[in-house]
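*Asks:* Can you read through this structure? Questions will come right after.
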Amino acid sequence: MPEIAPVPLAGLTTLRVGGTPARMIEARTRDELVTALREVWATGEAWLVVGGGSNLLAGDESFDGTVILVRTSGIERLPSPREGHTRVRVEAGHDWDALVAYAVDEGLSGIVAMSGIPGTVGASPVQNIGAYGQEIVETLVEVDLIDEATGEVSTVPADELALGFRTSVLKNHYGSVAARSAVVLSVTLELREVGHGEYTLSGAQLRQALGVAEGEGVTLRRVRDTVLQTRARKGMVLDDPDPDTHSAGSFFQNAIVSASFARTLPPECPRWPLPQHDAPEPADLVIPLAAYDGFVPAPVSVQPDVKVSAAWLIEHAGLGKGFRLPRSRAGLSTKHALALTNRGGATAEEIAELARYIQQRVQAEFGLILQPEPVVFGVEI
4 MPEIAPVPLA GLTTLRVGGT PARMIEARTR DELVTALREV WATGEAWLVV GGGSNLLAGD
64 ESFDGTVILV RTSGIERLPS PREGHTRVRV EAGHDWDALV AYAVDEGLSG IVAMSGIPGT
124 VGASPVQNIG AYGQEIVETL VEVDLIDEAT GEVSTVPADE LALGFRTSVL KNHYGSVAAR
184 SAVVLSVTLE LREVGHGEYT LSGAQLRQAL GVAEGEGVTL RRVRDTVLQT RARKGMVLDD
244 PDPDTHSAGS FFQNAIVSAS FARTLPPECP RWPLPQHDAP EPADLVIPLA AYDGFVPAPV
304 SVQPDVKVSA AWLIEHAGLG KGFRLPRSRA GLSTKHALAL TNRGGATAEE IAELARYIQQ
364 RVQAEFGLIL QPEPVVFGVE I
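Numbering (my numbering), first residue to last: 4 to 384.
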């Protein structure tokens, strides 16, 4: 088993915090990853899988457990049963943005709006990553998983993962455990073959971000370049000298609220109706003739839930870009109010303290509690 000398997680996470585990394993092949997980699970000890470290807030204390570093990589192109599409099977440790760059070079659309998102491919279905209205759920076909309960490897269709807004059955939400304790070994996506010429964007949110009119043609390269430039302006593309990028990206999820609650928020608060990917068709109303009394009940109107901007809520709770608590080395990014950053030497507790303060202020001002997006390990929010 490829065991290595343990190092602090502070050197492996983009927030630059985290203590040292008792053991550390670096898995560079699928077989090494499977073997390591089975052996660690057999001991019953604490364990943590780390990919790119870009979505993890880890406590500063050393801990008696094993960290498994997923360093697998590789892209395999596969045929698709759908005309004009192709499939790619990608190992879990493969860099996510490297996959997006590959898709653009190959003329494949479906993930280009997620350019610049840090981390590894294996993490992408865990929280159904997305950006500018594009999400993994739209292209994901299946994943290969290894389950903790059995140690068995299986191929699981996307529709069995309960993919929702930044969630799945695989995600450990803060304060709860995953519905299915398993580790992703590979991901299979189905992408559309659009080539290197212009094609039409379907998403209104992406068109708005790019300043593209409905029906206007764009190239994959233009979309990727524009998204990367936009993310860089917000400090959301890793840049070692820039402390605004020493973050876990968006620390809080955009809030999902009912349409009625959204109407209680100020009208200038940005909001987007959630796409109804899995909304069932309305059932036919059947009234037995013997029970019919001449009255037909009115149909019930179900409005979709609404996604509202967490960054707007934070700023309008009085916490502007660059905000810091007194004497803290953690602060909001000077470029984006949704990123909690390590300004240099911050502890995990300082970042957690700032997160708690933000939650309290937003709740007091708007009546909702923002939920953290990263995996939180060994520290309380």
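Note that beta-carbon positions come from the ideal geometry of N, C-alpha and C, so glycine has one too.
1. Can you tell me whether Met239 is helix, strand or coil according to DSSP?
2. Please name the residue in Ala182, Val221, Leu192, Gly206 whose C-alpha comes closest to that of His199.
3. Could you pull out every unbroken beta strand (DSSP E) segment of at least 3 residues lying fully inside the segment 76–121, listed in chain order?
4. Whole angstroms are fine: how far does the CA of Ser184 sit from the CA of Glu383?
5. Could you name the residues that DSSP lists as bridge partners for Leu373?
6. Return the residue from the list Arg224, Thr32, Pro9, Ala104 that minimises the CA-CA distance to Asp67.
7. Along the chain, which unbroken stretches of the alpha helix (DSSP H) at least 4 residues long are found entirely within the segment 299–334?
8. Measuring CB to CB, does Glu368 end up less than 8 Å from Ser331?
9. Which stretch, first to last residue, makes up the alpha helix (DSSP H) that contains Phe3?
10. I'd like to check one pair, Arg33 with Thr75: are the Cβ atoms closer than 8 Å?
11. Is the distance from the Cβ of Val124 to the Cβ of Leu148 below 8 Å?
12. Do the segment 12–27 and the segment 42–60 touch if we need at least three Cβ pairs shorter than 8 Å?
13. According to DSSP, is Ser1 helix, strand or coil?
14. Decide if Phe380 is buried, meaning its Cβ has at least 16 other Cβ atoms within 10 Å, or exposed.
15. If you measure between the beta carbons of Gln362 and Ala313, is that distance less than 8 Å?
16. What first and last residue would you give for the beta strand (DSSP E) that runs through Glu145?
17. Excluding sequence positions up to five away, which residues of its chain have a Cβ less than 7 Å from the Cβ of Val107?
18. So, using beta-carbon positions, are Pro121 and Leu173 closer together than 8 Å?
19. Any chance the CB of Met239 is under 7 Å from a heavy atom of the ligand NAP?
20. Who are the near neighbours of His97 in its chain, counting only those whose CB is closer than 6 Å to its CB and skipping five residues on each side?
21. Which same chain residues end up closer than 8 Å to Val146 when comparing Cβ atoms and leaving out the 5 residues on each side of it in sequence?
*Replies:* Concretely, from the data shown:
1. Position 236 of the sequence shown holds residue 239. Three-state result, Met239: coil.
2. As a working note, residue 199 is residue 196 in the sequence shown. Of the listed residues, the one whose Cα sits closest to His199 is Val221.
3. 78–82, 88–94
4. Here the question's residue 383 lines up with position 380 in the sequence shown. Here the question's residue 184 lines up with position 181 in the sequence shown. Taking C-alpha positions only, Glu383 is separated from Ser184 by approximately 21 Å.
5. Your numbering for residue 373 matches position 370 in the sequence shown. In the DSSP output, where bridge partners are listed per residue, Leu373 has none listed.
6. To locate residue 67, count along the sequence shown from 1; it is residue 64. The residue with the shortest Cα to Cα distance from Asp67 is Pro9.
7. 313–318
8. In the sequence shown, counting from the first residue as 1, residue 368 sits at position 365. In the sequence shown, counting from the first residue as 1, residue 331 sits at position 328. Against a cut-off of 8 Å, the Cβ pair of Ser331 and Glu368 comes out as no contact.
9. Residue 3 lies beyond the stretch modelled for the chain, which goes from 4 to 384, so this question has no answer here.
10. Here residue 75 corresponds to residue number 72 of the sequence shown, with the count starting at 1. Here residue 33 corresponds to residue number 30 of the sequence shown, with the count starting at 1. Yes; because the gap between Cβ atoms is below 8 Å, this pair is in contact.
11. Counting from 1 along the sequence shown, the entry for residue 124 is found at position 121. Counting from 1 along the sequence shown, the entry for residue 148 is found at position 145. Not closer than 8 Å, so no.
12. yes
13. Outside the shown range of the chain, which is 4 to 384, sits residue 1, and nothing can be said about it.
14. For this step, residue 380 is matched to residue 377 along the sequence shown. Classification for Phe380: buried.
15. By one-based count along the sequence shown, residue 362 stands at place 359. By one-based count along the sequence shown, residue 313 stands at place 310. No, the pair does not count as a contact, with Cβ atoms beyond the cut-off.
16. Here the question's residue 145 lines up with position 142 in the sequence shown. Segment 143–150, the beta strand (DSSP E) holding Glu145.
17. Counting from one through the sequence shown, the residue named residue 107 turns up at place 104. Apart from sequence neighbours up to five positions away, the residues of its chain that approach Val107 with a beta-carbon distance below 7 Å are Val115, Leu223, Arg224, Arg227, ordered along the chain.
18. Here the question's residue 121 lines up with position 118 in the sequence shown. Here the question's residue 173 lines up with position 170 in the sequence shown. 8 Å or more divides the Cβ of Pro121 from the Cβ of Leu173.
19. In terms of ligand content, the structure shown is empty, and the ligand NAP therefore cannot be addressed.
20. For the purposes of this step, residue 97 is identified with residue 94 of the sequence shown, where counting begins at 1. Here the set comprises Ser76, Val124.
21. Working through the sequence shown from its first residue, we reach residue 146 at position 143. Cβ-Cβ distances below 8 Å link Val146 to Pro128, Thr158, Val159, Ala161, Leu164, Val187, Leu188, Ser189, Val190, Thr191 in the same chain, with the five nearest sequence neighbours on each side left out; the list follows chain order.
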